[in-house]
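Protein chains in written order, with the numbering used here: chain V, 1 to 302; chain U, 1001 to 1373.
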């Protein structure tokens, strides 16, 4: 009986060298089953390289990639790396037929279902070469989804898409994850979008994963930061601490910074009771981009 | 691999380019046969008219072979383009990535490309041959397949052709940039005929040359003894036209290529027909290749020398030309210059299969190691 594993992919000490250039250096991360795993990093950090290795397009120079499923079974890994791999001179349906043959699947009504699922059910005889980028991406995802893979690897799937296209892909991926239980590994430069999708993040820098974090943990680690302006900050700080907020005090400006979520009314009432009147409250959300910049330093160029 | 083979066969069967080449393979041999029919019976002596075609059995056999086997020179340029564009699309559209991601091994992917391209080439060759036979029949020239023996030679010709297909296929899958294979394959296809003709013309075995020189020198000396030519002239000719003259630097370069490659195929097989047709040695179609005859006819300088002696002697009224001009029959006893067709078939099959194996192994090593996808 095969052992059930709680991860889909486990990357251990994976390095990749191209001649003298070291693209990956002892990279480690684990993709939990059922997650949407976001890879965040600058250009050249190694995101695409590790995705190519995981999807079998390249061999690592050293290290190993373990799969929590039978990855050698045809179609158990779906991937859309760089550009969608589709015959531009064929229709969407014909492309899926080829993918079905590729995977040894029976050509049946599920092709139409897949096309409808990605919103390409009405493309008819239109060749894929005449599709918009969003349509091509969706067709690429439909092809990658053929055979119900355990994991879907998507490298920059929303790159170059217009806002509507981004929303369509985002909705599609969430549906795939929720409705079909597909684990998704995704990289994107558009961190605001990634933050709306991913349940887990890995921050990649210099060919390494410098930090793995769950979305909830990220929210807590960064999350909401509130600036409290008060006539007597020393009285305010214990009030905020009592409400479970972590605080820091800037003695130069007199501002109290509090991290975490709270009920403002309760805070104001408690502060009044303690004699620390709150004059002004400014809230700031520490987003994925800020977190990334703080983590790796320099400009955000993920 | 079966899934990938089905995948590729479906693509080929739906390729417009493939069907255009198939149509060409069907039409061109018929046109060729009709053209030969026309020029062989055309009479321009008194206006343009067509005489009744009167061909010997040997001539029909020779034409059957020549027109049907022409796919070796006609099809490479098309298969080069077809292979590059067909396999290239899997790279430009990224489909080869889909195959790897799906879980197919590189061996299966490479193998499916090679097998299906070979299959496509076989189909084109068979269309060409059948169409040639059809064209010969309908044109009135007629078909003579030498009692069925010629089908074996057609099969060998197809195997020889597949070496080129294998080359095109491997070149098509080992480059990431798509322009390179197209350029390389077209160059190879266009130059293959010239290369085959050049290298194939250096097919004389070294021993054959020794044997030939021995016969010739004996003949010279007989002539000297008979007083037909001065012994000093004989010595001069023997020295001037020795082995180094016949097997010079080009032979030393090209003969090894001829020995180890299938180039020269057409020349070797046509020799039998040429012997019969050109030498006029009778109506019986030889079942052996007579290298000696070809050697004799290709050696123009020697022929001219002999002709010069003959003319001089005839002018002096001392000799009959037929007594001194070497005829094919003079070389009959040179065993090293003879080879049965069946032996030749196996030699070419062996050389072709060996070449395909070398090309495929090298191609697969590159395909597996190189970052192509």
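Think of the CB as a built atom: it goes at the ideal place given N, C-alpha and C, for glycine as much as any other residue. Keep in mind that this is a model prediction, so the values were computed, not measured.
For the alpha helix (DSSP H) holding residue i, just list the boundary residues, first then last.
{"i": "residue 1090 of chain U", "result": "1076 to 1092"}
{"i": "residue 196 of chain V", "result": "191 to 197"}
{"i": "residue 327 of chain V", "result": "Since the first residue of chain V shown is 1 and the last is 302, residue 327 of chain V is not available in this structure."}
{"i": "residue 258 of chain V", "result": "Looking at the DSSP string, residue 258 of chain V is not in any alpha helix (DSSP H); the run it does join, the beta strand (DSSP E), is 255 to 259."}
{"i": "residue 1255 of chain U", "result": "1249 to 1260"}
{"i": "residue 1164 of chain U", "result": "1149 to 1173"}
{"i": "residue 1351 of chain U", "result": "1341 to 1369"}
{"i": "residue 1205 of chain U", "result": "Taken as a continuous stretch (DSSP letters only), residue 1205 of chain U belongs to no alpha helix (DSSP H), as it is neither H nor E."}
{"i": "residue 1107 of chain U", "result": "1106 to 1139"}
{"i": "residue 58 of chain V", "result": "Looking at the DSSP string, residue 58 of chain V is not in any alpha helix (DSSP H), and its letter there is neither H nor E."}
{"i": "residue 1010 of chain U", "result": "1002 to 1013"}
Which residue or residues does DSSP assign as beta-bridge partners of residue i?
{"i": "residue 202 of chain V", "result": "V:39, V:212"}
{"i": "residue 27 of chain V", "result": "V:14"}
{"i": "residue 1043 of chain U", "result": "U:1049"}
{"i": "residue 230 of chain V", "result": "V:278"}
{"i": "residue 7 of chain V", "result": "V:32"}
{"i": "residue 225 of chain V", "result": "V:259, V:284"}
{"i": "residue 22 of chain V", "result": "V:17"}
{"i": "residue 48 of chain V", "result": "The partner list for residue 48 of chain V (beta bridge, DSSP) is empty, contrary to what the question assumes."}
Between residue i and residue j, what straight-line distance do the alpha-carbon atoms span, to the nearest angstrom?
{"i": "residue 1345 of chain U", "j": "residue 1266 of chain U", "result": "12 Å"}
{"i": "residue 1092 of chain U", "j": "residue 1138 of chain U", "result": "44 Å"}
{"i": "residue 60 of chain V", "j": "residue 99 of chain V", "result": "26 Å"}
{"i": "residue 1054 of chain U", "j": "residue 1140 of chain U", "result": "10 Å"}
{"i": "residue 1088 of chain U", "j": "residue 1168 of chain U", "result": "11 Å"}
{"i": "residue 74 of chain V", "j": "residue 142 of chain V", "result": "16 Å"}
{"i": "residue 1196 of chain U", "j": "residue 1203 of chain U", "result": "11 Å"}
{"i": "residue 182 of chain V", "j": "residue 1021 of chain U", "result": "45 Å"}
{"i": "residue 1284 of chain U", "j": "residue 1341 of chain U", "result": "With a pLDDT of 32 at residue 1284 of chain U, under the threshold of 50, the modelled position of that residue is not reliable, and no figure is offered here."}
{"i": "residue 1191 of chain U", "j": "residue 1157 of chain U", "result": "18 Å"}
{"i": "residue 87 of chain V", "j": "residue 1057 of chain U", "result": "53 Å"}
{"i": "residue 276 of chain V", "j": "residue 258 of chain V", "result": "15 Å"}
{"i": "residue 1106 of chain U", "j": "residue 1373 of chain U", "result": "11 Å"}
{"i": "residue 208 of chain V", "j": "residue 124 of chain V", "result": "45 Å"}
{"i": "residue 52 of chain V", "j": "residue 290 of chain V", "result": "28 Å"}
{"i": "residue 288 of chain V", "j": "residue 216 of chain V", "result": "12 Å"}
{"i": "residue 1205 of chain U", "j": "residue 1243 of chain U", "result": "12 Å"}
Using 7 Å as the limit for Cβ to Cβ distance, is residue i near chain V?
{"i": "residue 1103 of chain U", "result": "yes"}
{"i": "residue 1094 of chain U", "result": "yes"}
{"i": "residue 1279 of chain U", "result": "Any reading at residue 1279 of chain U must be qualified, since the residue scores a pLDDT of 38, below 50, and its modelled position is unreliable; no value is offered."}
{"i": "residue 1109 of chain U", "result": "no"}
{"i": "residue 1100 of chain U", "result": "yes"}
{"i": "residue 1006 of chain U", "result": "yes"}
{"i": "residue 1364 of chain U", "result": "no"}
{"i": "residue 1003 of chain U", "result": "yes"}
{"i": "residue 1082 of chain U", "result": "no"}
{"i": "residue 1097 of chain U", "result": "yes"}
{"i": "residue 991 of chain U", "result": "Chain U is shown from 1001 up to 1373; residue 991 of chain U falls before or after that span and cannot be answered."}
{"i": "residue 1289 of chain U", "result": "In this predicted model, residue 1289 of chain U has a pLDDT of only 38, less than 50, meaning its place in the structure is not dependable; the value taken from the coordinates is given anyway. By this cut-off, residue 1289 of chain U is not an interface position."}
{"i": "residue 1373 of chain U", "result": "yes"}
Note the first and the last residue of the continuous beta strand (DSSP E) segment covering residue i.
{"i": "residue 247 of chain V", "result": "246 to 250"}
{"i": "residue 79 of chain V", "result": "77 to 80"}
{"i": "residue 66 of chain V", "result": "62 to 67"}
{"i": "residue 146 of chain V", "result": "Counting along the chain, residue 146 of chain V falls outside any beta strand (DSSP E), and DSSP gives it neither H nor E."}
{"i": "residue 185 of chain V", "result": "183 to 187"}
Step through the CB atoms of chain U and report whether any lies within less than 7 Å of the CB of residue i.
{"i": "residue 77 of chain V", "result": "yes"}
{"i": "residue 19 of chain V", "result": "no"}
{"i": "residue 188 of chain V", "result": "no"}
{"i": "residue 53 of chain V", "result": "no"}
{"i": "residue 101 of chain V", "result": "yes"}
{"i": "residue 56 of chain V", "result": "yes"}
{"i": "residue 87 of chain V", "result": "yes"}
{"i": "residue 16 of chain V", "result": "no"}
{"i": "residue 46 of chain V", "result": "no"}
{"i": "residue 72 of chain V", "result": "yes"}
{"i": "residue 104 of chain V", "result": "yes"}
Kindly indicate which residue of the options has the alpha-carbon position closest to the one of residue i.
{"i": "residue 1151 of chain U", "options": "U:1135, U:1171, U:1175, U:1125", "result": "U:1125"}
{"i": "residue 281 of chain V", "options": "V:271, V:288, V:125, V:168", "result": "V:271"}
{"i": "residue 130 of chain V", "options": "V:64, V:89, V:84", "result": "V:89"}
{"i": "residue 184 of chain V", "options": "V:161, V:148, V:163, V:159", "result": "V:148"}
{"i": "residue 26 of chain V", "options": "V:33, V:34, V:16, V:20", "result": "V:16"}
{"i": "residue 1080 of chain U", "options": "U:1186, U:1234, U:1249, U:1221", "result": "U:1186"}
{"i": "residue 1063 of chain U", "options": "U:1034, U:1123, U:1246", "result": "U:1034"}
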